[in-house]
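**Student:** Below you'll find the structure I mean.
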Amino acid sequence: MIAATQSTATTPVPFPARVVVDCGAIAANVGVLREHAGSAGVMAVVKADAYGHGLVPAAQAALAGGASWLGVAQLTEGLALRAAGVTAPVLSWLHAPGAGFAAAVRAQIDVGVSAVWMLEEVAAAAREVGQTARVQLKVDTGLGRNGAYQFSPDGVTRSDWSLLVDRARALEAEEAVRVTGLFTHFAYADAPQHPTVLAQQEAFADAVALAERAGLRPDVRHMSNSAATLTTPAAAWDLVRPGLAVYGLTPAPEVGSSADFGLVPAMTAIASASVVKRVPAGQGVSYGHTYTTTSPTTLVDVPLGYADGVPRHASGVAEVLVAGERRRIAGRVCMDQFVVDVGDLPVSAGDDIVLFGPGTRGEPTAQDWAQAIGTINYEIVTRFGPRVPREYVGAQPEHPASGANGQET
Ligand SMILES: *Cc1c(COP(=O)(O)O)cnc(C)c1O
């Protein structure tokens, strides 16, 4: 007989919503991206918990689909992949001083380096560990974000890029680091005709030439995110670096829809209807009564809110699929719940309410949500928070790490 206190601590109870992630779709999407990449490899970007899909299972699915690299923003994400037994090459590119590069060196994670101080910290970590660090130098060819600036700030001073390259070459000579890659990032890849797209390709070619003249011999040179992978094949170099498209979404309607490219959205967000009740005309709904019923109707309470990643801006505008029909959110999205006015549709407590998914059963897509609330689909999927359990379906990847993570179905 187990004491009540123990059983409450160990017995899982269901959460009334779930994010279903189709691993087969992720693998197939990587296949589509490989075709676009031509002879270049695919680095699947799995930062931000794989855009909300779950870091390790999504990474395994991407590798099963033929990705040869994984990309993350934070070192903690790269280390989580290693801890789960993922042995594929990993690049991590966003760091602040005191990042803890010794752990990266030990875990054989490539460190994306955008500044000389970063390079010095990586080299110090390499000496401490007694192992050569793998680094990839990031050049700012015009995005104006991270990366070492490629251009002279005043036409006289040496550029940050040429200083970084020379320092990297010196540190290679003492075997503190090895430069395994060179990379940059587009500002306007979702507008392929924008003049910066070509200008950045030319600038990157110059940056690569400068580095190679200085004696660097990188294995991989890369610049293409999802949009560039899908629309600008000339930018593929040795590796493309898509994130969003791995999950079956496209960066902007102007680039084309998921269906145009044969990509399948991998995430479906579903909640179980909580309280379902009949109300008369004239009932205000949710905080501030920004919606009022106009006839006798059925209100359905849906147990997901802005704390879970349902944007408050979706109040009164985004639609969900309920009893086979699309219905708009009525009134304000609250922290844990929102309400849908379903009229006379037959809905019972416990019925599935689909917020968004691939769209194949009539449900809205993440892109529909983004359009309704004036944001990008990236924000819709990445903001689904850790309170909502992920359920993994579709072809399970064959990977030594799959047991370590467990299938959370
Ligand atoms: C996020 C990110 C990517 C992936 O971008 P998508 O638009 O999702 O394909 C690629 N490279 C870098 C440096 C990034 O930060």
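Per our numbering, residue 9 is the first one in the sequence shown, and the count goes up by one each step. The beta carbon of each residue, even a glycine, is placed where N, CA and C say it ideally should be. None of the values given here were measured: they were computed from a predicted structure.
(1) Which residue from Trp169, Ala326 and Ser266 puts its Cα closest to that of Ala378?
(2) By Cβ distance, which residues of its chain are closer than 6 Å to His193, with the 5 residues on each side in sequence left out?
(3) With Ser232 as the anchor, note down where its beta strand (DSSP E) starts and where it stops.
(4) Give, in chain order, every unbroken run of the alpha helix (DSSP H) that is at least 4 residues long and sits entirely within the region 247 to 289.
(5) Please tell me whether, using a cut-off of 8 Å, the distance from the CB of Gly365 to the nearest non-hydrogen atom of ligand 1 is below it.
(6) When the Cα of Ser266 is compared with those of Arg398, Asp57 and Ala374, which residue comes out closest?
(7) Under a Cβ-count criterion, where at least 16 other Cβ atoms within 10 Å of its own Cβ denotes burial, should Tyr295 be classed as buried or exposed?
(8) Looking at Ala277: is its Cβ nearer than 9 Å to the Cβ of Phe392?
(9) Leaving out five residues before and five after Ala322 in sequence, what residues of the same chain have Cβ atoms less than 8 Å from its Cβ?
(10) Does the region 277 to 286 come close enough to the region 306 to 318 that 3 or more CB-CB pairs lie under 8 Å?
(11) Taking the continuous beta strand (DSSP E) assigned at Glu77, which residues delimit it?
(12) Assign Glu182 to one of two classes, buried (16 or more other C-beta atoms within 10 Å of its C-beta) or exposed (fewer than that).
(13) Express the C-alpha separation of Gly223 and Arg175 in angstroms, rounding to a whole number.
(14) Check Leu307 in the structure and name its three-state DSSP category.
(15) Going by the beta-carbon positions, is the gap between Ala66 and Ala52 smaller than 9 Å?
(16) Measuring only the C-alpha atoms, how far is Ala156 from Pro22?
(17) Since Ala35 contacts Ala403 with CB under 8 Å, what's their CB separation in whole angstroms?
**Tutor:** Straight from the coordinates:
(1) Numbered from 1 along the sequence shown, position 370 holds the residue referred to as residue 378. From the listed residues Trp169, Ala326 and Ser266, the smallest Cα separation to Ala378 is found for Ala326.
(2) As a working mapping, residue 193 is identified with position 185 in the sequence shown. Closer than 6 Å at Cβ, skipping near neighbours: Leu151.
(3) Here the question's residue 232 lines up with position 224 in the sequence shown. Here the beta strand (DSSP E) through Ser232 covers Val228 to Ser232.
(4) The alpha helix (DSSP H) runs lying completely inside the region 247 to 289 and spanning 4 residues or more are 266 to 269, given in chain order.
(5) In the sequence shown, residue 365 corresponds to position 357, counting from 1. Every heavy atom of ligand 1 is 8 Å or more from the Cβ of Gly365, so no.
(6) For the purposes of this step, residue 266 is identified with residue 258 of the sequence shown, where counting begins at 1. Ranking Arg398, Asp57 and Ala374 by Cα distance to Ser266 puts Ala374 first.
(7) Looking up residue 295 in the sequence shown gives position 287. So Tyr295 ends up on the exposed side.
(8) Position 269 of the sequence shown, counted from the start, is the residue given in the question as residue 277. Position 384 of the sequence shown, counted from the start, is the residue given in the question as residue 392. Yes, the Cβ-Cβ distance between Ala277 and Phe392 is below 9 Å.
(9) Here residue 322 corresponds to residue number 314 of the sequence shown, with the count starting at 1. Within the same chain, Ala322 has close Cβ partners Ile337, Val341, Phe346, Trp377, Ala380 and Ile381.
(10) Cβ pair count under 8 Å is three or more, so yes.
(11) Against the sequence shown, residue 77 aligns to sequence position 69. Looking at the sequence itself, residue 77 is Trp, so the reference to Glu does not match. Counting along the chain, the beta strand (DSSP E) containing Trp77 begins and ends at Trp77 to Val80.
(12) As a working mapping, residue 182 is identified with position 174 in the sequence shown. By the 10 Å Cβ count, Glu182 comes out exposed.
(13) Within the sequence shown, the letter at position 167 stands for residue 175. Within the sequence shown, the letter at position 215 stands for residue 223. Computed Cα separation, rounded: 11 Å.
(14) Numbered from its first residue, the sequence shown carries residue 307 at position 299. The answer is strand: DSSP assigns Leu307 an E or B state.
(15) By one-based count along the sequence shown, residue 66 stands at place 58. By one-based count along the sequence shown, residue 52 stands at place 44. Yes, Cβ-Cβ distance for Ala66 and Ala52 is below 9 Å.
(16) Here residue 156 refers to the residue found at position 148 when the sequence shown is read from its first residue. Here residue 22 refers to the residue found at position 14 when the sequence shown is read from its first residue. Taking the straight line from one Cα to the other gives about 48 Å.
(17) Reading the sequence shown from its first residue, position 27 is the one you call residue 35. Reading the sequence shown from its first residue, position 395 is the one you call residue 403. Ala35 to Ala403, Cβ: 6 Å. Contact.
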